[in-house]
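Structure, as structure tokens:
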């Protein structure tokens with residue numbers, strides 16, 4: 015067991031100890047369990063296709079044990095891999111169970127070997143790719159490009175139908191009376207402002223806003239609504255200018271205004 | 008053989024190689040390169056001036072040339088191929104409503120003054136609109152009116168007829184036909200408006216002017 | 008003489024002239040130019056593909072070369088002259104080992120999902136790694152896989168090919184050998200034990216898609 019090895023250094027060669035230490039020290043440097051397994055497999059010094067997965071599983075489990083002894087926090091995926099390898103190891107060691115319908119231990123081992131070989135192949139491919147001549151380092155593009163001038167030309171178009179419709183539109187437009195607002199029953203804010211400006215000088219005390227409505231605008235509901243809105247807007251304007259003050263006791267209560275004492 | 012190999016270890020590269028080097032440097036550098044700079048970048052003992060002369064000859068008559076820019080050298084497109092460095096994109100756009108209405112009035116009422124167009128459209132005609140139609144060569148100036156101010160008139164052109172597939176402006180459908188074609192409400196025309204028909208327009212003189220040239 | 012002048016009014020320019028034109032266009036830009044773009048910029052009736060073949064031969068062994076990048080063509084300096092260009096050398100951001108491996112996996116397995124990259128590397132792919140490669144425009148999103156979850160795939164780009172001097176992704180070093188060795192197969196874990204792989208069982212489709220675009 016790894017523990018024993020660790021406790022009795024005399025029993026292990028210095029070389030093996032150094033190797034083990036290197037692994038432990040580098041634990042953060044591995045990019046996951048597969049990366050670690052690939053590194054461990056190198057110690058077998060054989061073609062990855064002929065690697066002993068059983069031996070590899072033992073190496074990995076020993077590594078995990080050592081990490082535990084050293085209280086190195088191992089990420090969950092390392093432990094998952096350890097559990098899986100322990101399972102694989104037991105399957106590889108036991109005679110195959112004829113009633114087991116699942117994949118054989120040999121299949122699982124072969125797949126692990128494939129994964130390692132594929133990772134190794136991708137690492138080599140990456141290295142070969144990076145070793146290629148690279149633009150901006152080994153070969154270069156034109157340093158002084160002459161830009162293509164882009165000319166934009168607009169072609170205007172219209173169809174005969176457009177033309178005829180346009181003409182028809184012009185010749186018939188007099189048939190339509192443009193929409194105009196009926197202004198007879200509208201009291202504008204400008205009018206109200208003009209009117210209130212003349213009256214406000216007399217409003218030393220709080221006065222109901224409705225009393226400002228002009229004659230002939232109180233009775234008809236439409237006219238009353240328009241005049242009230244205009245006077246209210248005009249009051250706001252005057253209040254903004256600091257000429258009057260406004261108040262309202264509660265919602266829907268009459269609105270009262272008065273001249274500002276200092277205005 | 009051995010001699011030569013040995014010599015090349017110490018001597019400058021052969022001229023053909025120097026030429027390649029100058030070619031690559033001129034190509035890749037972001038600004039024109041002086042001979043002094045070439046000297047500093049080529050291996051010791053090179054003669055960039057001579058390499059440049061060779062390179063220059065090599066590119067004579069090619070699509071790009073080695074040209075002198077101040078006291079430096081650069082590759083430039085051959086002047087006769089400058090047109091290849093332009094890329095024209097054509098964008099097709101519909102005429103604005105103002106332009107199409109102005110055009111329609113000119114087509115139906117030609118020869119037609121600006122004042123007449125404005126009267127019919129009920130709004131001022133912007134200079135830009137008329138200029139655009141003139142530039143497109145869909146309208147052109149006609150004769151001046153023999154009225155006070157001698158205003159200039161506008162008429163439609165041959166390209167206009169081509170574009171709209173008309174043999175003459177007389178082929179433009181009249182209001183009756185527009186109505187029959189459903190382009191107009193079947194509503195009585197407001198009083199006073201004459202049924203416009205390019206053929207029987209009041210301006211007989213104008214019509215006769217139409218295809219004069 | 009007269010005959011020729013007349014002919015040239017109607018026919019495409021002679022091949023030597025077409026070659027000059029392609030030369031000028033390729034020389035003018037730092038980006039690879041597609042044959043389609045050449046067709047659109049050359050006079051009607053030109054054959055840029057043939058002109059390119061002539062041009063490529065003409066520049067063989069010169070200081071600059073005509074190289075193919077995907078469907079496009081560009082002039083690039085000869086790689087053996089890189090040492091003259093220290094001034095032009097651009098310091099590229101050093102890629103992490105994870106980024107280099109991820110890039111290689113995408114290049115060799117494209118189109119390739121994130122899950123496949125993670126399966127091959129045996130670790131999660133960080134977002135930053137993919138983002139960096141996307142930002143460098145060395146990879147881009149490919150089609151979605153028609154598998155549950157419709158995962159997005161990654162493929163390498165033309166700038167990637169340009170950077171590594173590859174004509175196409177087929178020219179990746181060792182691609183044939185890797186494929187022959189079965190190392191590019193998306194082989195599933197027997198029995199589907201452990202390590203769930205959403206793309207499992209879909210490897211055949213994935214491989215057939217390879218290098219499609």
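Residue numbers (the working numbering), protein chains in the order written: chain L, 15 to 277; chain X, 8 to 220; chain H, 8 to 220. C-beta atoms are modelled at their ideal positions from N, C-alpha and C, and glycine is treated no differently. Keep in mind that this is a model prediction, so the values were computed, not measured.
Is there at least one Cβ from chain H nearer than 8 Å to residue i's Cβ?
i, result
"residue 133 of chain L", "yes"
"residue 76 of chain X", "no"
"residue 59 of chain X", "no"
"residue 73 of chain L", "no"
"residue 167 of chain L", "no"
"residue 48 of chain L", "yes"
Say whether chain X places a C-beta atom closer than 8 Å to the C-beta of residue i.
i, result
"residue 95 of chain H", "yes"
"residue 176 of chain L", "yes"
"residue 151 of chain L", "no"
"residue 84 of chain H", "yes"
At a CB-CB cut-off below 8 Å, which residues of chain L make contact with residue i?
i, result
"residue 108 of chain X", "180, 181, 183 and 184"
"residue 185 of chain H", "135 and 139"
"residue 113 of chain X", "Neighbours of residue 113 of chain X on chain L: none; closest Cβ ~10 Å, over 8 Å."
Whole angstroms is fine: what's the gap from residue i's alpha carbon to residue j's?
i, j, result
"residue 83 of chain L", "residue 70 of chain L", "20 Å"
"residue 84 of chain H", "residue 105 of chain H", "30 Å"
"residue 78 of chain X", "residue 58 of chain X", "16 Å"
"residue 38 of chain X", "residue 91 of chain H", "15 Å"
"residue 193 of chain H", "residue 73 of chain X", "53 Å"
"residue 56 of chain X", "residue 26 of chain X", "10 Å"
"residue 153 of chain H", "residue 116 of chain L", "28 Å"
"residue 150 of chain L", "residue 51 of chain L", "37 Å"
"residue 164 of chain H", "residue 108 of chain L", "50 Å"
"residue 300 of chain L", "residue 168 of chain X", "Absent from the structure is residue 300 of chain L, since the part of chain L shown begins at 15 and ends at 277."
"residue 5 of chain H", "residue 73 of chain L", "Only positions 8 to 220 of chain H appear in this structure, which leaves residue 5 of chain H out of reach."
"residue 184 of chain L", "residue 274 of chain L", "57 Å"
"residue 198 of chain X", "residue 177 of chain X", "Its pLDDT being 39, under 50, residue 198 of chain X is placed unreliably by the model, and the measurement read from it follows with that caveat. The alpha-carbon atoms of residue 198 of chain X and residue 177 of chain X are separated by roughly 24 Å."
"residue 191 of chain L", "residue 116 of chain X", "Residue confidence is low: residue 191 of chain L scores 46 on pLDDT, short of 50, so the model does not pin down where it sits. Its coordinate-derived value is still stated next. Approximately 25 Å between the Cα atoms of the pair."
"residue 143 of chain X", "residue 246 of chain L", "56 Å"
"residue 154 of chain L", "residue 82 of chain X", "15 Å"
"residue 220 of chain L", "residue 126 of chain X", "58 Å"
"residue 196 of chain X", "residue 107 of chain X", "Note that residue 196 of chain X scores a pLDDT of 42, beneath 50, so its modelled location is shaky; the value from the coordinates is reported in the next line. Approximately 22 Å, taken between the alpha carbons."
"residue 193 of chain L", "residue 186 of chain L", "With a pLDDT of only 49 at residue 193 of chain L, under the threshold of 50, the placement of this residue in the model should not be trusted; the figure read from the coordinates follows. Spanning the two alpha carbons is a distance of roughly 16 Å."
"residue 32 of chain X", "residue 79 of chain L", "60 Å"
"residue 123 of chain H", "residue 129 of chain L", "12 Å"
Do residue j and residue i have their beta-carbon atoms positioned less than 8 Å apart in this structure?
i, j, result
"residue 109 of chain X", "residue 132 of chain X", "yes"
"residue 201 of chain L", "residue 240 of chain L", "yes"
"residue 44 of chain L", "residue 57 of chain L", "no"
"residue 182 of chain L", "residue 185 of chain X", "yes"
"residue 203 of chain L", "residue 236 of chain L", "no"
"residue 180 of chain X", "residue 178 of chain L", "yes"
"residue 223 of chain H", "residue 139 of chain L", "Limits of chain H in this structure are 8 at one end and 220 at the other, which puts residue 223 of chain H out of reach."
"residue 133 of chain L", "residue 129 of chain H", "yes"
"residue 147 of chain H", "residue 141 of chain H", "yes"
"residue 119 of chain L", "residue 105 of chain L", "yes"
For chain L, check one thing: does any of its Cβ atoms lie closer than 8 Å to the Cβ of residue i?
i, result
"residue 144 of chain X", "no"
"residue 180 of chain X", "yes"
"residue 79 of chain X", "no"
"residue 147 of chain X", "no"
"residue 100 of chain X", "yes"
Going along chain H, which residues have a C-beta under 8 Å from residue i?
i, result
"residue 163 of chain L", "Neighbours of residue 163 of chain L on chain H: none; closest Cβ ~11 Å, over 8 Å."
"residue 154 of chain L", "83, 84, 89, 92 and 95"
Using a C-beta to C-beta distance shorter than 7 Å, which residues of chain H count as neighbours of residue i?
i, result
"residue 157 of chain L", "95"
"residue 71 of chain X", "30, 31 and 34"
"residue 91 of chain X", "28, 31, 32 and 48"
"residue 87 of chain L", "The contacting residues do not exist; residue 87 of chain L stays about 17 Å from chain H at best."
Residue i versus chain H: which residues are under 9 Å apart at the beta carbon?
i, result
"residue 80 of chain L", "Neighbours of residue 80 of chain L on chain H: none; closest Cβ ~21 Å, over 9 Å."
"residue 325 of chain L", "Because chain L is modelled from 15 through 277, residue 325 of chain L falls outside the range shown and cannot be assessed."
List, in chain order, every chain L residue whose beta-carbon is nearer than 9 Å to that of residue i.
i, result
"residue 194 of chain H", "125, 128, 129 and 132"
"residue 176 of chain X", "The contacting residues do not exist; residue 176 of chain X stays about 11 Å from chain L at best."
The ligand ZN and residue i: does the residue's C-beta get closer than 7 Å to at least one heavy atom of that ligand?
i, result
"residue 142 of chain X", "The ligand ZN is absent from the structure shown, which contains no ligand whatsoever."
Check the Cβ of residue i against every Cβ in chain L and list those closer than 7 Å, keeping chain order.
i, result
"residue 118 of chain H", "Residues of chain L passing the Cβ test: none, with the nearest at roughly 16 Å."
"residue 197 of chain H", "117, 121, 122 and 125"
For the segment 151-174 of chain H, enumerate the residues whose C-beta is nearer than 7 Å to any C-beta of chain L, in chain order. Those would be 169, 170, 171 and 172, in chain order.
So if I threshold CB-CB distances at 8 Å, which residues from the segment 91-122 of chain L count as touching chain X? Those would be none; no residue qualifies.
At a Cβ cut of 9 Å, what residues of the segment 121-141 of chain H count as close to chain X, listed as they run along the chain? Against chain X - using a Cβ distance shorter than 9 Å - the segment 121-141 of chain H contributes no residues.
At a Cβ cut of 7 Å, what residues of the segment 19-49 of chain H count as close to chain L, listed as they run along the chain? Listed by position, the residues of the segment 19-49 of chain H near chain L (Cβ gap below 7 Å) are 34, 35, 36 and 37.
Which residues of the segment 235-266 of chain L have a Cβ closer than 9 Å to any Cβ of chain H? Give them in chain order. Residues passing the 9 Å Cβ filter: none.
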